[in-house]
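In what follows, a structure is listed as structure tokens, so that the remarks can point back to it.
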Amino acid sequence: AVTATVVLCAANLAVTNEYYWELVRDGPDIRWTDAIYPLERRLETLRSPDIYIVDWGIFESINLLSDNTAPVRAVDFSNQDGLRKIVSDPRAAFVAHTARYAYFPQQRAMMEDVAASAGYEEVPIEIIYDRNGRATFDVFRFRKIPL
Numbered sequence: 002a003v004t005a006t007v008v009l010c011a012a013n014l015a016v017t018n019e020y021y022w023e024l025v026r027d028g029p030d031i032r033w034t035d036a037i038y039p040l041e042r043r044l045e046t047l048r049s050p051d052i053y054i055v056d057w058g059i060f061e062s063i064n065l066l067s068d069n070t071a072p073v074r075a076v077d078f079s080n081q082d083g084l085r086k087i088v089s090d091p092r093a094a095f096v097a098h099t100a101r102y103a104y105f106p107q108q109r110a111m112m113e114d115v116a117a118s119a120g121y122e123e124v125p126i127e128i129i130y131d132r133n134g135r136a137t138f139d140v141f142r143f144r145k146i147p148l
């Protein structure tokens, strides 16, 4: 019984050590990421009057870090006219997770479809990376497609 206990404890330590090593090497899961800090700083330097959050899990973090001063806005994806209005604002900025980490990729696709149907295209501003080099957030605008 003592031998089995020692073997089980050693196996448990080996597994725990593997998880710890992966955490040190890769960082935490992307759902809470240190990329939020450079994102908040970048949004502050944009000085956009409206910043629309296109995916889940970003809004509250930006409000917290900016002490509720960032002009972040939620997007009502059920209102097509409202979507057309916000994509037509040349000063508005948009934030979404990159495709790999998106919670609701259909929301960004819907916004891009509405923009395209109104004659607008997405213009990248910056990709925000975490400390492990993972592209985490997209910051972008829309502009009228030149004819």
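The numbering used here applies: residue 2 is where the sequence shown begins, and numbers increase by one. Idealized CB from N, CA, C, for every residue including glycine.
Assuming residue i is part of the alpha helix (DSSP H), what are its boundary residues?
{"i": "residue 42", "result": "37-47"}
{"i": "residue 225", "result": "Because the chain spans 2 through 148 in this model, residue 225 falls outside it and cannot be assessed."}
Locate the beta strand (DSSP E) running through residue i, then write down its first and last residues.
{"i": "residue 149", "result": "What the structure shows of the chain is the stretch from 2 to 148, and residue 149 is not part of that stretch, so it cannot be assessed."}
{"i": "residue 129", "result": "121-130"}
{"i": "residue 137", "result": "136-145"}
Measuring straight from C-alpha to C-alpha, what distance separates residue i and residue j?
{"i": "residue 107", "j": "residue 80", "result": "15 Å"}
{"i": "residue 99", "j": "residue 53", "result": "15 Å"}
{"i": "residue 84", "j": "residue 133", "result": "34 Å"}
{"i": "residue 137", "j": "residue 36", "result": "7 Å"}
{"i": "residue 62", "j": "residue 33", "result": "9 Å"}
{"i": "residue 13", "j": "residue 89", "result": "56 Å"}
{"i": "residue 117", "j": "residue 55", "result": "16 Å"}
{"i": "residue 15", "j": "residue 105", "result": "36 Å"}
{"i": "residue 103", "j": "residue 114", "result": "17 Å"}
{"i": "residue 146", "j": "residue 65", "result": "35 Å"}
{"i": "residue 51", "j": "residue 135", "result": "26 Å"}
{"i": "residue 125", "j": "residue 69", "result": "25 Å"}
{"i": "residue 75", "j": "residue 17", "result": "40 Å"}
{"i": "residue 8", "j": "residue 2", "result": "10 Å"}
{"i": "residue 59", "j": "residue 82", "result": "24 Å"}
{"i": "residue 101", "j": "residue 4", "result": "45 Å"}
{"i": "residue 111", "j": "residue 57", "result": "15 Å"}
Using CA atoms only, rank isn't needed, just tell me which of the options is closest to residue i.
{"i": "residue 122", "options": "102, 136 and 148", "result": "148"}
{"i": "residue 86", "options": "49, 119, 4 and 44", "result": "119"}
{"i": "residue 48", "options": "72, 5 and 58", "result": "72"}
{"i": "residue 46", "options": "10, 11, 67 and 9", "result": "67"}
{"i": "residue 78", "options": "5, 3 and 109", "result": "109"}
Do the segment 33-50 and the segment 119-138 touch if we need at least three Cβ pairs shorter than 8 Å? yes
With three or more C-beta pairs closer than 8 Å as the rule, is the segment 85-100 touching the segment 131-142? yes
Restricting to runs no shorter than 4 residues, where is the alpha helix (DSSP H) found entirely within the segment 48-97? 60-66 and 81-88
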